[in-house]
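**Q** Structure in structure tokens, see below.
Residue numbers (this note's numbering), protein chains in the order written: chain A, 1 to 389; chain B, 1001 to 1389.
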């Protein structure tokens, strides 16, 4: 089975490619190194050292005994994507090739527009490439739990039954995202749902929680590390908290820290994405999966990180709430469903403390790098101050 | 009061500018003539003769006794929009400057992407220009009733109370549009709702029905005619039906013709848009208005057009159902609310027969043009066949 990973050079893409190779798939990848460039632009870097794609591909072959055929280019360019489809005729395409940072999208109008255009056009190109070149392809698209926002009711998986003025319908669950980035994922979901209605494309739309972790069970060789970002633009909560502890910096929840979100380890993310491939939707189905392990408040995560760090090192970690740079509810109901992936075989590992031990252990080896990046860890990108020209 | 009309050269924009001048506002306009160019590209033309913008502006001043200051450029260019804001400091901005044709957006990937980017970026630019330059400006944005699709329940105005598993919330009503064009309006609505949440911008988001008619009460002078499109890409149902009757062609509902949609005359559209300005939302409010007069099935409209034409001319008009080029329900429940504009003073005129008499009468004067355009009236753009490179 030929599997194409768009965004193969990224945090999830590079780990996913390895799992797929490990499980015997023919893996193809594409990337334009957008994240590498943009991370450098904010003065940051991956804490785990990641070699160039050329070296990565050599080590990939050495370790997994099979080649990963790589295409360098931009999925926002339809010609590039159509050429790949023509060349390799993929059976499954993972679309992880979008601008993935909420703070980046909020830096200002330029980045807001760039995020909108890059993400929406890339998904539309994929829709048409599938429709024109292989309507049977299974598209697995990475969305986010953040599409739903924090409504005062349970969050179903994509659709729900509505009773309104004595009548019923099954409708898409209303989305209410919290950054331009998150909104692009909503727009993508809408466009994918429509493409499915038009042309019966087979689509899994993954509403993924926040991913944390330094690796997966395959990634033993440091040459095959995936990237690990901790700065305020490209890093995410738990990874950043662990790095803050390791660097001797305070752990900094935004605002009150009562915000709740779904989280999962990189290991679980890759497991779920593989399940999505191996347990595909029916032909012509548009399937929405809520993909996370547990949900936690940001405070729980900060405290658990601090405790694990103290257990491991004997040193305390300070928790210091900072003004919330985002516009979001800090006290809210949160109860998202996540049943469908479990019905397909996913067992949420719920091993936050173990996961944190692994992350902190790995980061201790790169403590100097964490310290070096301390100036880009604290929030600077303000949702309120985002402006234009 | 300084009122800026983005898309002032268009069907609604040009009529709106005249109403605003008539009511004593200082009117400013911008356009890039996208519609003029694209209509020509499909071999079509406005049935009513429309002069160049230069001539339009001269006659505008002659007739209304005040100048309309015009800016030529593209609202998708943030620099252009920021310069206008700096120059004129508008109190109200109507955003009518989007790609407005559903069939155009379905021609293929190129047009789909163009529609996505043009529309979404233009609205995002407007959001940032407002936020940066004048956060008190009232943005009146043209959306479409087509954002809602045809759910099996009543359609409220933007938001509704959801009861789900014993809990309640007020949430955005789920959208389910029927073309890439219609989806861009959904994406815009989502982005506007979020901009309001972020920065308390004052926004009226107009979910407008299908507009028909050759003019408004101000437009007496043929030099001030607004455009009137009848081709399958740029024309809309009722206007096309009237032109088909006048040209001696069969009136062609798509598919079964039981599709129901909200409709309103251009006169009513301009009246409602003016009410939106004169009865603004509260500061910091995001307001959604469903804007239409009545809803009809396409068959009712086709039959009424035929009857009015026969009454006026003594000649019958043939109705000929053609295969539906769209992917849409042809039998469905339809019951959208439209109470808010009536609460603000709008009286739905419900004068379809009178409106049709006026349209058919006006078109009789341009019968030759209707006949000349007969080859571009029949549907060619197929939702099913839309493809890429």
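A virtual CB, placed ideally from N, CA and C, is assigned to each residue, including glycine. Treat the numbers as computed from the prediction; the structure is a model and nothing was measured.
Applying a beta-carbon distance threshold of less than 9 Å, which residues of chain B neighbour residue 168 of chain A?
**A** 1152, 1153
**Q** With distances taken Cα to Cα, identify the nearest neighbour of residue 263 of chain A among A:126, A:145, A:167.
**A** A:145
**Q** I'd like to know whether the C-beta of residue 1470 of chain B is nearer than 7 Å to at least one C-beta of chain A.
**A** The shown model of chain B, from 1001 to 1389, leaves out residue 1470 of chain B, and the question about it has no answer.
**Q** For a contact defined as C-beta to C-beta under 9 Å, what are the partners of residue 1080 of chain B on chain A?
**A** Those do not exist, as residue 1080 of chain B stays about 11 Å from chain A at its closest Cβ, beyond 9 Å.
**Q** Quick one: what's got a C-beta closer than 6 Å to residue 1270 of chain B's C-beta in the same chain, skipping five residues either side?
**A** Excluding positions up to five away in sequence, the list reads 1015, 1016, 1019, 1216.
**Q** Nearest-angstrom Cα distance between residue 195 of chain A and residue 1067 of chain B?
**A** Straight-line measurement puts the Cα of residue 1067 of chain B at about 46 Å from the Cα of residue 195 of chain A.
**Q** Less than 7 Å separating the beta-carbons of residue 1290 of chain B and residue 1193 of chain B?
**A** no
**Q** How would you write the range of the alpha helix (DSSP H) that residue 63 of chain A sits in, first residue to last?
**A** 53–64 is the extent of the alpha helix (DSSP H) around residue 63 of chain A.
**Q** According to DSSP, residue 1342 of chain B sits in a beta bridge with which residue or residues?
**A** The partner list for residue 1342 of chain B (beta bridge, DSSP) is empty, contrary to what the question assumes.
**Q** Could you work out which residues of chain B lie near residue 174 of chain A, taking near to mean beta carbons separated by less than 8 Å?
**A** In chain order, 1162, 1171, 1172, 1173, 1174 make up the part of chain B whose C-beta sits under 8 Å from the C-beta of residue 174 of chain A.
**Q** Once you ignore the five residues that flank residue 281 of chain A on each side, which residues in its own chain have a CB closer than 8 Å to its CB?
**A** 138, 202, 203, 204, 287
**Q** In whole angstroms, what is the alpha-carbon distance linking residue 370 of chain A and residue 377 of chain A?
**A** 9 Å
**Q** Sort out for me which residues DSSP pairs residue 108 of chain A with in a bridge.
**A** A:387
**Q** Does DSSP put residue 150 of chain A in a helix, a strand or coil?
**A** coil
**Q** Measure the CB-CB distance between residue 1011 of chain B and residue 1226 of chain B and report whether it falls below 7 Å.
**A** yes
**Q** Return the first residue and the last residue of the alpha helix (DSSP H) that residue 1192 of chain B is part of.
**A** Taken as a continuous stretch (DSSP letters only), the alpha helix (DSSP H) holding residue 1192 of chain B covers 1180–1199.
**Q** Residue 93 of chain A: which of A:302, A:234, A:7, A:166 sits nearest, CA to CA?
**A** A:7
**Q** By a C-beta neighbour count over all protein chains shown, 10 Å radius and 16 as the cutoff for buried, is residue 1099 of chain B buried or exposed?
**A** buried
**Q** Please tell me whether residue 213 of chain A and residue 265 of chain A are closer than 7 Å, where the distance is taken between their beta carbons.
**A** yes
**Q** Distance check for residue 360 of chain A and residue 1104 of chain B, CA to CA, integer angstroms please.
**A** Cα to Cα, the separation comes out at about 54 Å.
**Q** For a cutoff of 7 Å on Cβ pairs, would you count residue 192 of chain A as touching chain B?
**A** For residue 192 of chain A, the closest Cβ of chain B is not nearer than 7 Å.
**Q** Once DSSP output is grouped into helix, strand and coil, what is the label at residue 1099 of chain B?
**A** coil
**Q** Would you identify the three-state DSSP class for residue 989 of chain B, choosing helix, strand or coil?
**A** Because chain B is modelled from 1001 through 1389, residue 989 of chain B falls outside the range shown and cannot be assessed.
**Q** With 7 Å as the threshold, decide whether the Cβ of residue 86 of chain A is near any Cβ in chain B.
**A** no
**Q** Once you ignore the five residues that flank residue 1071 of chain B on each side, which residues in its own chain have a CB closer than 6 Å to its CB?
**A** 1030, 1084
**Q** Using a 10 Å radius around the Cβ and a threshold of 16 neighbouring Cβ atoms, would you call residue 1342 of chain B buried or exposed?
**A** In this structure residue 1342 of chain B is exposed. Its beta-carbon is surrounded by fewer than 16 other beta-carbon atoms within 10 angstroms.
**Q** Express the C-alpha separation of residue 1171 of chain B and residue 1102 of chain B in angstroms, rounding to a whole number.
**A** 27 Å
**Q** Kindly indicate which three-state DSSP category residue 269 of chain A falls into: helix, strand or coil?
**A** Helix at residue 269 of chain A.
**Q** Among the candidates A:294, A:38, A:293, A:63, whose CA atom is the shortest distance from the CA of residue 221 of chain A?
**A** A:63
**Q** Do residue 387 of chain A and residue 1132 of chain B have their C-beta atoms within less than 7 Å of each other?
**A** yes
**Q** How would you list, in chain order, the residues of chain A whose beta-carbon sits under 9 Å from the beta-carbon of residue 1196 of chain B?
**A** What residue 1196 of chain B touches in chain A: nothing, since even the nearest Cβ is about 11 Å away.
**Q** Touch check for the region 1231–1250 of chain B and the region 1302–1309 of chain B: three-plus C-beta pairs under 8 Å?
**A** Contact holds: three or more Cβ-Cβ distances are below 8 Å.
**Q** Please state the DSSP three-state secondary structure of residue 1355 of chain B.
**A** helix
**Q** Based on Cα-Cα distance, which residue from A:82, A:23, A:90 lies nearest to residue 3 of chain A?
**A** A:90
**Q** Which value, in whole angstroms, describes the spacing of the CA atoms of residue 346 of chain A and residue 358 of chain A?
**A** 21 Å
**Q** Name the chain A residues whose beta carbon is nearer than 7 Å to that of residue 1389 of chain B?
**A** 78, 79, 82
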